[in-house]
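Order-wise, the sequence lines are chains A, B and C. Read in order, the letters of the first sequence correspond to residues 1 to 354 in this note's numbering. Read in order, the letters of the second sequence correspond to residues 1001 to 1326 in this note's numbering. Read in order, the letters of the third sequence correspond to residues 2001 to 2299 in this note's numbering. All C-beta atoms in this analysis are idealised placements derived from N, C-alpha and C, irrespective of residue type, glycine included. All values reported here derive from a predicted model rather than from experimental measurement. Written below as structure tokens is the structure these notes are about.
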Amino acid sequence: MNSAPHTPSPLHDRGGPAQPLLVVRNLKKHFPVRGGPLERTKKFVHAVDGVSFSVPKGKTLGIVGESGCGKSTTARLIARLMQADSGSMVFDGEGVDEFGGIRLKEFRRSLQMVFQDSFASLNPRLTIAETIAYGPRVHGMPAAEAKRQAHDLLARVGLAPEQFASRYPHELSGGQRQRVNIARALAFDPRLVILDEAVAALDKSVQAQVLNLLQELKAERQLTYLFISHDLHVVHYISDYVMVMYLGQVVETGPVERIYGQAAHPYTRALLSAVPSMDPDRRTESSPLAGDPPNPINPPSGCRFRDRCPHAHPVCEATSPALISLPGDPAHQAACHLNDPASGHPGALPETQA
Amino acid sequence: MTAPLVSLQNLSVQFCGNRKASALNAVNIELGAGEVLGLLGESGSGKSVTLRTLLRLHPERSTKIQGKIEVDGHDVLALKGRALDLYRGGTVSMVFQEPGLAFDPVYTIGQQITEAIRAHGAVGEAAARAQALHMLERVQIPQARRRFDAYPHELSGGMRQRAMIALALACQPKLLLADEPTTALDATVQIQVLLLLRELQRETGMSVIFVTHDIGAAVEVADRIAVMYAGRIVEQATVGDIVRTPRHPYTVGLLAATVGAEHRGQPLQAVPGAPPDLAALPPGCSFAPRCAHASERCRREVPPLESKGGHAVACWHPAQPVAEAA
Amino acid sequence: MSATLELSLPAAAPVAAPAPSRSYWRVVGRQLRRDPMALAAGLVLLLIIGAAVLAPWLAPADPYKASMLKRLLPIGSPGFLLGTDELGRDMLSRLMHGGRLSLLMGVVPVLAAFGIGTAIGLLAGYVGGRLNMVIMRVLDVFYAFPSVLLAVAISGALGPGMSNSLIALTLVFLPQVVRVAESVTTQVRQLDYIEAARMSGASAFSIIRVHVLGNVLGPVFVYATGLLSVSMILASGLSFLGLGVKPPEPEWGLMLNTLRSAIYVNPWIAALPGALIFVTSIAFNLLADSVRSAMDIRR
């Protein structure tokens, strides 16, 4: 309505369209667990254990998995809210925080995050406009300009500034608060936005509104999304690529239609078939998996999924499967011995031997 | 036909705090023995309030309840003292969303279930323990004997929810109230708990009221679904009818907003706006401000819930079922 | 600034008056005004504080003027509304003047502990880690002693006198305030809005000033109001023991001490300073409770 037309800021596209916006290599984070005072050996939670992936420019990578799979830790490591134990990141062709690469402060501005809890992510003592203007003010934008920008952003996310700018978070509904969080993220003109369960806490009818808003903003501002969610429907809808995580590792990744159409990892298949059917005549009759996801302290040896996997075989205990490309689409990768004819798993696909 | 197990007649609940909020407005629900009703709605729709009112869990001083609740022949709103205690947990029991909060952290799972059994019947300690162990086995907790002596925090989320169900079913209630029992669980665990609930319901023949915001979960367990909005039931029908031929614009919107593969690449049909403020409900249909088909009449008069062939809808301009429209 | 802003949004006509947004403290204030308990407690405190502050002008007599003839006159004696003490001084005047010192000794240590304690607690809570542990363990040592004992010990070590007992009381309250400030800060620090602020590249100082301080001050303030009554009672106790104010200075605790001997002669007179201490601290406590519940309206 009265929002100023958004002029795409100079996006500093350094690497060109073929260069992925973000490349993450071998990211690791182990949290020490405090044992008893007499325990000698320290235990570690293997929250993120060697995660590598890349996000092409202007695309959405959906990260799915159950609680404890490390998807939120991955997000925090990328956002540098937490220090990784090891691993490297390349942002648009330049190493982050490496010699000669882009500096952390600049990197942070080009990457913003929207959190799940819309209430906890807003300072209860600041008005909506103050919250949005805070970041730019920190970076030296004059107060009047920051305020005007905040009003424009509010209008863009569908909150009339004259009504909402001077309200406090507790006076807004969940959906409205999440719009504010999105507006705050946009205040920096970021290139990558991490959405950590950003629509999970919203009511269904409101969730659809926010998803639409996210899609519009992405097209309008050439954003790239990292969309973390446990909701497979939503990930299917919004993502171009999907990465499935289990106990701190990537088990499968690929284009969305391949993951949802020809899932290659038993865990992905189980996850997909655990989704309620929506058809009262064809209710789910049996559960694809038994038990809960195991504790990420001391994960099983070899393949971490093996003790819940219907196809487990001694080889799965002995060696951990690598993430390898699948026939048909090199972008589709899975970490399962079943897909590797050289693995020695009796059920491995024979036709790939060609 | 026999009398229904549960009958709510014109039930209204108001909370009188700083502001008066009408959480329930003239709700009518009937539930037969052995029937599973899904109460579907978003936050603030009144679905949880309905459950809590059924158990009389609201503080009496600040809550105004009108109407009538009958469960298994008891006039619930008139129950007092020991009769109320026996009703809670005996006739009706509840499974909560957060099993971690519903258990007392300082007693073992087994102790708590044993305690619940003994509170409701003249059973000896040993018999009660045996029965409690049997309950844990029935909810398919592996190594039940070991888990019997475990403290709540030692169990995973899914196991805790199973134990919660065991606790709720320990006294063989005729009615189980389930308040978003699977919302906090992971997808692969959620489906296990849904299947378990369905199986236990079939075995025991109890009635279940299953509150959820997730249509998918409701479809998996319910026979009938009642859709709630702003403290009113706006539509009620069998699961099949709700999913295939929804008639209330809100239900239609809710189903359209449930994203799936077929929506990829196009904007979702979102219901605009947000649920109304319960302290200031509009005079007419509470969905009218968000409804594309709203007319003058919708803004003036509250539409009654009218039933036709088992499919009830409260709307002045309901969507026509495909068959009739053709 | 806001004028230019409204000019930049000209076409916002149909929307009625901009939504009136109540500032947080205004909401709290309104909540307090509606609370009968808060009003009553506030009124009592206002009376007591007013009488103390205006004592030089309002008091009917000189609080130091003794008279051997008029010792321990009962309440309601002509010319002495509340009677006289063991030296024949006018009780009403002494109580009014005494309130000045007693209230001062009640408020100053709490204010000082509030200021210093919040700063230490913020630092410990925000930085966390080893620094937090060192600070908190040091304070735990103070915690190990009952506060009365600690106050007496410090005060005794420093020597009698008003300023020393103020310092002693401040030291007694400091660990408690730090602990509250530290735990609230630790909680706030983990909230997503702090993370969001870190994502914006703001400095730690800016984050503390804008995002942490405002959200920590409230709960600590409420806790500190609860300490006011404790402080008054402890201060009176110190004076009673001869560690605080020295005679003939009027102070409620000291008066309680000197009137001790009169308890068999005229118990009502002897009870008066105690009653005032009691009423004042109850009023402070009730007010603190009301502030606490009024501030709890975020959602």
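Beta-carbon gap between residue i and residue j smaller than 8 Å
i, j, result
"Phe115 of chain A", "Asn181 of chain A", "yes"
"Pro2175 of chain C", "Phe2142 of chain C", "yes"
"Gly2201 of chain C", "Lys147 of chain A", "no"
"Val1243 of chain B", "Ala1314 of chain B", "no"
"Met945 of chain B", "Val1221 of chain B", "No information on residue 945 of chain B is available, as it lies outside the stretch 1001 to 1326 that chain B covers here."
"Asp85 of chain A", "Lys43 of chain A", "no"
"Leu1031 of chain B", "Pro1059 of chain B", "no"
"Ala2052 of chain C", "Arg2100 of chain C", "yes"
"Trp2252 of chain C", "Pro2273 of chain C", "yes"
"Val1211 of chain B", "Glu1180 of chain B", "yes"
"Phe2278 of chain C", "Asn2257 of chain C", "no"
"Val2148 of chain C", "Leu2047 of chain C", "no"
"Val48 of chain A", "Ile297 of chain A", "no"
"Tyr237 of chain A", "Thr253 of chain A", "no"
"Ala2041 of chain C", "Leu2286 of chain C", "yes"
"Met1945 of chain C", "Gly2218 of chain C", "An answer regarding residue 1945 of chain C cannot be provided, because it is not within the stretch 2001 to 2299 covered by chain C."
"Val361 of chain A", "Ala120 of chain A", "Because chain A in this structure spans residues 1 to 354, residue 361 of chain A falls outside the shown range and cannot be described."
"Leu1194 of chain B", "Thr1204 of chain B", "no"
Min CB distance residue i to chain A below 8 Å
i, result
"Val2210 of chain C", "yes"
"Ser1156 of chain B", "yes"
"Ala1237 of chain B", "no"
"Tyr2126 of chain C", "no"
"Arg2130 of chain C", "no"
"Ser2206 of chain C", "yes"
"Leu2174 of chain C", "no"
"Gly2088 of chain C", "no"
"Asp1186 of chain B", "yes"
"Gly2214 of chain C", "yes"
"Val1139 of chain B", "no"
Per-residue contacts from residue i into chain A (C-beta, under 9 Å)
i, result
"Thr1245 of chain B", "Here the premise fails: no neighbours, minimum Cβ distance about 12 Å."
"His1213 of chain B", "Asp203 and Lys204"
"Val1271 of chain B", "Lys204, Ser205, Val206, Ala208 and Gln209"
Cross-chain neighbours of residue i in chain C, by beta carbon under 9 Å
i, result
"Gln112 of chain A", "Ala2196, Met2199 and Ser2200"
"Gly135 of chain A", "Ala2196, Ala2197, Met2199, Ser2200, Gly2201 and Ala2202"
Interface residues of chain B facing residue i [CB-CB closer than 8 Å]
i, result
"Thr284 of chain A", "Ile1191, Leu1194, Leu1195 and Glu1220"
"Val358 of chain A", "A query on residue 358 of chain A cannot be resolved here, the shown segment of chain A reaching from 1 to 354 and no further."
"Ser67 of chain A", "Gly1157 and Asp1186"
"Gln215 of chain A", "Pro1267"
Any chain C beta carbon closer than 8 Å to residue i
i, result
"Leu81 of chain A", "yes"
"His345 of chain A", "no"
"Pro32 of chain A", "no"
"His230 of chain A", "no"
"Arg103 of chain A", "no"
"Phe91 of chain A", "no"
"His139 of chain A", "yes"
Cross-chain neighbours of residue i in chain A, by beta carbon under 8 Å
i, result
"Gly1240 of chain B", "Pro280 and Asp281"
"Leu2191 of chain C", "Ala120 and Ser121"
Proximity test, Cβ basis, 8 Å: residue i and chain B
i, result
"Ser173 of chain A", "yes"
"Glu220 of chain A", "no"
"Ala322 of chain A", "no"
Interface residues of chain A facing residue i [CB-CB closer than 7 Å]
i, result
"Thr1204 of chain B", "Residues of chain A passing the Cβ test: none, with the nearest at roughly 19 Å."
Contacts of residue i in chain C (Cβ-Cβ under 7 Å)
i, result
"Arg184 of chain A", "Ala2196"
At 3 residues or longer, and completely inside the segment 1178-1250 of chain B: list those beta strand (DSSP E) runs for me, N to C.
-> 1207-1212, 1224-1229 and 1232-1238
Output, in sequence order along the chain, the residues in the segment 258-282 of chain A whose CB is closer than 8 Å to any CB in chain B.
-> Tyr260, Ala270, Leu271, Ala274, Val275, Pro276, Ser277, Met278, Asp279, Pro280 and Asp281
Where in the segment 124-168 of chain A do unbroken runs of the alpha helix (DSSP H), each at least 4 residues long, occur, reported from the N-terminal end onward?
-> 128-138, 143-156 and 161-164
Members of the segment 1031-1065 of chain B near chain A, C-beta cut-off 8 Å = Glu1042 and Ser1043
Please specify which runs of the beta strand (DSSP E), each continuous and at least 3 residues long, are wholly inside the segment 2157-2223 of chain C, giving them in chain order.
-> none
Within 7 Å of chain A by C-beta, residues of the segment 2101-2124 of chain C in sequence order = none
Closer than 9 Å, Cβ to any Cβ of chain B: which residues of the segment 288-309 of chain A, in chain order?
-> Pro288, Leu289, Ala290, Gly291, Asp292, Pro293, Pro294, Asn295 and Arg308
Beta strand (DSSP E) segments (min. 3 residues) lying fully within the segment 187-216 of chain A = 192-196
Where the segment 1156-1170 of chain B meets chain A: residues whose CB sits under 8 Å from a CB there | Ser1156, Gly1157, Gly1158 and Met1159
Which full runs of the beta strand (DSSP E) of 3+ residues lie inside the segment 1256-1293 of chain B, going along the chain?
-> none
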